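In the UniProt record's numbering, the protein residues as written are 1 to 380.
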Ligand SMILES: Cc1cc2nc3c(=O)[nH]c(=O)nc-3n(C[C@H](O)[C@H](O)[C@H](O)COP(=O)(O)OP(=O)(O)OC[C@H]3O[C@@H](n4cnc5c(N)ncnc54)[C@H](O)[C@@H]3O)c2cc1C
């Protein structure tokens, strides 16, 4: 009988144990403020410590500083980090997708220059896809790259760019050609400290300004050696990248900590018939999503690009993340209002945060309507 893709091998279980031990030692529970999924704190020191163990850029070949590991190994590490609310923000995008993009499309010089630094947890990347008039419909991006004697001059506006204020580089989707919408797109590696780059933070719902930004690109010079892959290949690259971006634990695990802390702080309610039923339902859904997500990681290891399956996981996973928040709030049956002299508990803080963040789960990385359409086309 073939083993289920969701069954971890002895080596994968051993890796999980090592990550758990590392977290317990480096970030003892109660000594830090856990975050919700990939949007958790940015902490370059933590990223460096993780990289020292070889847990960033794991799938990168050893000659570029990685470990030649499988997508499932990364899955195992990432699941543990997110379950712990670890501060993964600094290296998240580089580890999840940029390393893969460079491996697939980068030149040898780009690989030798950037991959070792990504694997050391040094680099923070941001993704420059969305624009004021191009979110779901990325083929209509207006940011334009114009040929110049020294390379390409890029001008336009990117929006909702997570971590733009602290990123070293942006991978920007730009229009470089006329004619067919999709074939006129290319991707550039933009140094965020280049002349002509202006980052304007966009206030988040709670007023904080360190989450995402509008990035104005005004005649930014991109030398030829910073073009990713070939000119005109941007759309194809983007589509391939989304399989990595959409199927991982970060798309269904963000609110896991809420359930854990709810059980810890409200044991009576959690074990009541209503609470028990809810937790049972959430656990069952969590388990199904985890199995699907692991199956996609195994498919990636087998050399496939399961874009439609990844879209389906993100659609179901992010709805699940939202359901966790709304069903716990319903069970508690109370407003998020506290007397000023009362310090909210960890569960209360996580619930507040999750209530603010939850609406974005089904928007960032592709809205649910778009994902349904990708899945329907790909699976039909
Ligand atoms: C927290 C957060 C972080 C983000 N980080 C980044 C980032 O780092 N980099 C980046 O590039 N972008 C980022 N985004 C932007 C995100 O990818 C876009 O918001 C998203 O793709 C939707 O685009 P839009 O906002 O332009 O909405 P629109 O595309 O205008 O969509 C509006 C509504 O119309 C629906 N709709 C649109 N087209 C169709 C269609 N064809 N069929 C059916 N329904 C449709 C959508 O589902 C949605 O409900 C982030 C967004 C959030 C919330």
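Beta carbons: idealized from backbone N, C-alpha and C, even for Gly. Here the structure is a predicted model, which is why all the values come from computation and not from measurement.
As a beta-bridge residue in DSSP terms, residue 186 pairs with 174.
In the displayed model, residue 145 falls within a strand according to three-state DSSP.
The C-beta separation of residue 190 from residue 170 comes to about 5 angstroms, placing the pair in contact by the 8 angstroms criterion. Ligand 1 approaches residue 160 closely enough that one of its heavy atoms is under 7 angstroms from the residue's Cβ. Around the Cβ of residue 56, a 10 Å sphere holds 16 or more other Cβ atoms; the residue is buried. DSSP, reduced to helix, strand and coil, places residue 195 outside both helices and strands of the structure shown, so it counts as coil. Inter-residue distance for residue 376 and residue 345 is about 43 angstroms (C-alpha atoms, whole angstroms).
For residue 128 against residue 87, the beta-carbon gap comes to about 24 angstroms, at or over 8 angstroms, which does not count as contact. With a cutoff of 7 angstroms, residue 365 counts as near ligand 1, since its C-beta is closer than that to a heavy atom of the ligand.
Residue 218 and residue 323 have their alpha carbons spaced roughly 42 angstroms apart.
In this structure residue 146 is exposed. Its beta-carbon is surrounded by fewer than 16 other beta-carbon atoms within 10 angstroms. Distance from the Cα of residue 160 is smallest, within the candidate group 144, 215 and 181, for 215. Our two residues, residue 180 and residue 142, have alpha carbons roughly 14 angstroms apart in a direct line.
Minimum Cα-Cα distance from residue 137 among the listed residues 365, 378, 380 and 379 corresponds to 365.
Secondary structure note for residue 55: it is in no alpha helix (DSSP H), with a DSSP letter that is neither H nor E.
Residue pairing by DSSP places residue 228 opposite 187 in a beta bridge.
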